[in-house]
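Numbering of the sequence shown is given in the numbering used here, commencing with residue 29 and proceeding in unit increments. The C-beta atom is built at its ideal place from N, Cα and C for all residues, glycine as well. Notes follow once the structure below has been shown.
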Amino acid sequence: MATSVKTIPSALLTRLVRGRAALDVMLVIGASVFIALAAQVAIPLPFSPVPLTLQPLAVLLVGVTLGSVRGAAAAALYLLEGFAGLPVFALGHAGPVWLAGPTAGYLFSYPCAAWLAGWLSERGWGSTTLRAIVGMVAALGVIYLGGWAWLAALSGSKAAWLVGVRPFILADIIKVAIGASLLPQMQRLIAKI
């Protein structure tokens, strides 16, 4: 009797990755590249030190797709790539200085957000659009909290809200809605593999 795979992470684990360490590593590396590519889709905002990018959506999708452990590993690898000097951060920036600048709080929150998105996905939170939205918004909240806290330490809590969170809410809601609307279909497709 065949068992039904209900989540993308469990499908990857049971049908693709189990016992294949090299493939597991390649998935993590590929996901870190996906985050880096999403970072290059960036619009600098004149009133904020934080550009509008597709990074948060990529981090959430990596977590939802790869699961908590591999998702967090991919986001951590992305940070290591940038720290090592690869131009993976928004607008092609690289180096340790970017992990101490105004966007550092967002960057450091990525492994935690990917982990949470993956953890929720492993528990079936991508099975419906509404549950996927709630799960992705919760993980996005981790990114906002990290970014806001870092900016608040640099410039105060009100300024951090005004330049680091508020301008991004509408765009991120749209990105999450698009990503979450695709998850149930992706899970059904993956379950058929």
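- Listed as beta-bridge partners of ILE171 by DSSP are no residues whatsoever.
- Within 10 angstroms of the beta-carbon of PHE75 lie fewer than 16 other beta-carbons, which makes it exposed.
- The way I'd put it, the region 76–95 does touch the region 168–188; three or more beta-carbon pairs between them come closer than 8 Å.
- Per DSSP, the beta-bridge partners of ILE71 are LEU80.
- For SER209, the three-state secondary structure derived from DSSP is helix.
- Under the DSSP assignment, TRP147 falls in the alpha helix (DSSP H) whose first and last residues are 132–150.
- Counted as a single uninterrupted DSSP element, the alpha helix (DSSP H) harbouring ALA188 occupies residues 185–192.
- Counting of Cβ neighbours within 10 angstroms places MET54 among the exposed residues, the total staying below 16.
- Separation of the CB atoms of GLY207 and VAL193 is rounded to 19 Å, and the pair is thereby denied contact status at 8 Å.
- Here ALA103 really is in contact with TYR138; their C-beta atoms are around 4 Å apart, less than 8 Å.
- With 16 or more other Cβ atoms inside 10 Å of its own Cβ, PRO37 counts as buried.
- For the options VAL204, GLN213, GLU109, LEU210, the alpha carbon positioned closest to that of SER60 is the one of GLU109.
- With a threshold of 16 other beta carbon atoms within 10 Å, LEU158 falls short and is exposed.
- Counting along the chain, ALA103 sits inside the alpha helix (DSSP H) bounded by residues 96–111.
- Looking at the backbone, the Cα of PRO79 and that of GLN213 are separated by about 31 Å.
- The region 62–73 makes contact with the region 116–123: 3 or more CB pairs, one atom from each, lie closer than 8 Å.
- Out of ALA132, ALA160, SER183, PHE136, the CA that lies nearest to the CA of ALA145 is found in ALA160.
- With a contact defined as Cβ atoms closer than 8 Å, GLY113 and GLY123 qualify at about 5 Å.
- Rounded to the nearest whole angstrom, the CA to CA distance from THR131 to VAL162 is 25 Å.
- Distances from the CA of THR81 to each of LEU198, ALA187, VAL97 were compared; the closest alpha carbon is that of LEU198.
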